[in-house]
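Enquirer:
Number of protein chains: 2
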Amino acid sequence: MPKQVDHRDRRETIARALWRVVERRGVSQLTMRVVAQEAGISLGQLQHYFASRSAMLSFAMDFASEQTSLRVGQGLTRLGDRPHPRDVLRVTLAEMLPLHADARATSRMSAAYVLEALHDEAVREQARRGLVRGRALVEELVRQAIADGHIGPDRDPATETNLLLALTGLTPLLELGVIEPGDALTAIDAHLERLFR
Amino acid sequence: MPKQVDHRDRRETIARALWRVVERRGVSQLTMRVVAQEAGISLGQLQHYFASRSAMLSFAMDFASEQTSLRVGQGLTRLGDRPHPRDVLRVTLAEMLPLHADARATSRMSAAYVLEALHDEAVREQARRGLVRGRALVEELVRQAIADGHIGPDRDPATETNLLLALTGLTPLLELGVIEPGDALTAIDAHLERLFR
């Protein structure tokens, strides 16, 4: 392995190969051997970057979260200065749903990861921390919106946060073509409409 | 295989073994060989009942849906005659979340099934039909509640149905211990409170 190959770059290339395996072939095909093959490297090379399947999966999930955050950040930039919290939530929720190719890859990765977390203590702890952190960011936004008078003071921030995150439950309906992307956005807007004053 | 062993019974026993594999070991371990082992039969015997992994998985999912419907039915019986549609929805949604052992098994089965459906055309079609059917039942209930004046006439039945089904999105929060069962029920109640007049 030439030294000039950046370690982080190579790990991201492997993570993307892992996503492709999850997206196209399913989590049941997710072995280090299959990911190495998809990434076009040997199993030995893969093991140089990730000591275990769990370590590889955890990195791929962290990278998926980062990519989602980046997309959300780009969406927020388009909203201009001091965007309304309703628009911030709309952009955030939309990027968490499989509404376009990039979001679909990270959404499938995330679903596979939660299932894996149920049977792997290390993955579980990391998945839990990630979800706690994401949930805290949304709750902070809700609390601030209440403080700023955008959301009624009678609303419970914790419950509203859980209801907002629950909107990712539209995912199976979208993935199986039971509803269209437009239906999901309409549902999100209807929910936000009632949350905000 | 003795003739007196009821075919359906044996298939249900295998389906339960499959659930246990999904629940305890994860979908990545879900092979016909592992399920046969868990069910305490030979791979040949398993293949007598299911010609393929897809067929086995589809039956296990149908059986999980049936079991969920049974639990919902039992919950509705406890509500007595002519229950309020809000209570019907509350019982239905609560049984779709992993709030107790039986519901957890069927919920994990369902999550694994959706992921599998993305990579298997036959599974996908069956999963889609199941979801369309379930969604139609909820929408019919919403439409009837609007007709009976329980839900405002300004509400769009399709959107309200999607928002109700989205509440299953609380599942990862519950599975990873980010929220407690009581928090999920509070969120469901808050949502229903605003849906009904």
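These protein sequence lines are chains R and B, in that order. Per full-length UniProt numbering, the first sequence runs over residues 1 to 197. Per full-length UniProt numbering, the second sequence runs over residues 1 to 197. Quick reminder that beta carbons are idealized off the backbone N, C-alpha and C, glycines included.
Would you report the Cα separation of M56(B) and V132(R), rounded to the nearest angstrom?
Expert: 36 Å
Enquirer: Got a sec: is the Cβ-Cβ distance from T13(R) to anything in chain B below 7 Å?
Expert: no
Enquirer: I want to know whether the segment 168-175 of chain R touches the segment 142-151 of chain R - three or more CB-CB distances under 8 Å.
Expert: no
Enquirer: Under 8 Å Cβ to Cβ from H191(R), same chain only, skipping five residues before and after it: list those, please.
Expert: These residues qualify, in order along the chain: L163, L164, L167.
Enquirer: Could you check whether E95(R) and V72(R) sit closer than 7 Å to each other, using their CB atoms as the reference points?
Expert: Yes, they are a contact pair.
Enquirer: Can you check whether the CB of L46(R) is closer than 7 Å to the CB of M32(R)?
Expert: yes
Enquirer: Would V123(B) pass as an interface residue toward chain R - the criterion being a Cβ-Cβ separation below 7 Å?
Expert: no
Enquirer: Let me know if G130(B) comes out buried or exposed under the rule of 16 or more other beta-carbons within 10 Å of its beta-carbon.
Expert: buried
Enquirer: Which runs of the alpha helix (DSSP H), 4 residues or longer, sit entirely within the segment 130-179 of chain R?
Expert: 157-166, 171-175
Enquirer: Tell me whether F50(B) sits in a helix, a strand or coil according to DSSP, three-state version.
Expert: coil
Enquirer: What does the Cβ neighbour count give for D6(B), buried or exposed, with the cut at 16 atoms within 10 Å?
Expert: exposed
Enquirer: What residue range does the alpha helix (DSSP H) around R104(R) cover?
Expert: 101-117
Enquirer: Do V22(R) and V35(R) count as a contact pair if the criterion is CB distance below 7 Å?
Expert: No. Outside cutoff.
Enquirer: In whole angstroms, give me the CA-to-CA distance for R124(R) and M109(B).
Expert: 18 Å
Enquirer: Can you grab the Cα-Cα spacing for the pair V27(R) / T68(B), in whole Å?
Expert: 25 Å
Enquirer: Indicate whether A97(B) and A184(B) have their beta-carbon atoms separated by less than 7 Å.
Expert: The question names Ala, but residue 97(B) is Leu in the sequence shown. Contact annotation: L97(B) and A184(B) have beta-carbon atoms nearer than 7 Å.
Enquirer: Distance check for L76(R) and R143(R), CA to CA, integer angstroms please.
Expert: 19 Å
Enquirer: Which one of R8(R), R25(R), V88(R) has the shortest CA to CA distance from F59(R)?
Expert: Closest by alpha carbon: R8(R).
Enquirer: Are Y49(R) and R16(R) closer than 7 Å when you measure CB to CB?
Expert: no
Enquirer: Please name the residue or residues paired with F59(R) in a DSSP beta bridge.
Expert: Per DSSP, none; premise fails for F59(R).
Enquirer: Return the chain-ordered list of same chain residues with a C-beta closer than 8 Å to the C-beta of V88(R), the five sequence neighbours on each side being excluded.
Expert: L76, L79, L141
Enquirer: So is A122(B) buried or exposed if we call it buried at 16+ other beta carbons inside 10 Å?
Expert: exposed
Enquirer: Might you give, ordered along the chain, the residues of its own chain that have their beta carbon closer than 8 Å to the beta carbon of A158(B), omitting 5 neighbours on each side?
Expert: E139
Enquirer: Just the Cα atoms here: how many angstroms apart are R90(R) and G182(B)?
Expert: 27 Å
Enquirer: Output needed for D102(R): all residues of its chain with C-beta closer than 8 Å, excluding positions within five of it in sequence on either side, in chain order.
Expert: Setting aside the 5 residues that flank it on each side, D102(R) is surrounded in the same chain by Q67, R71, each with a C-beta closer than 8 Å to its C-beta; the list follows chain order.
Enquirer: Just by C-beta distance, which residues in the segment 169-187 of chain B are closer than 9 Å to chain R?
Expert: Within the segment 169-187 of chain B, the residues whose Cβ lies closer than 9 Å to some Cβ of chain R are G169, L170, T171, P172, L173, E175, L176, G177, V178, I179, D183, A184, T186, A187, listed in chain order.
Enquirer: Tell me the residue span of the alpha helix (DSSP H) that contains R11(B).
Expert: 7-24
Enquirer: Is the separation between the beta-carbon of A127(B) and that of L176(R) shorter than 7 Å?
Expert: yes
Enquirer: So, is A136(B) buried or exposed, given that buried needs 16 or more other C-beta atoms within 10 angstroms?
Expert: Exposed is the label assigned to A136(B), since fewer than 16 other Cβ atoms lie within 10 Å of its Cβ.
Enquirer: Alpha carbon to alpha carbon, how far is A147(B) from H84(B)? Give it in angstroms, no decimals.
Expert: Taking the straight line from one Cα to the other gives about 13 Å.
Enquirer: Counting only Cβ-Cβ distances shorter than 7 Å, please list the residues of the segment 30-44 of chain R near chain B, keeping chain order.
Expert: L30
Enquirer: Just to make sure I have the definition right: I need the residues of chain R whose C-beta is within less than 8 Å of the C-beta of L132(B). Which are they?
Expert: The identity of residue 132(B) in the sequence shown is Val, whereas the question assumes Leu. Those within 8 Å of V132(B) in chain R are V178.
Enquirer: Using the C-alpha atoms, what's the distance from L43(R) back to S52(R)?
Expert: So the alpha carbons of these two residues sit roughly 11 Å apart.
Enquirer: Measuring only between beta-carbons, confirm whether A190(R) sits less than 7 Å from chain B.
Expert: yes
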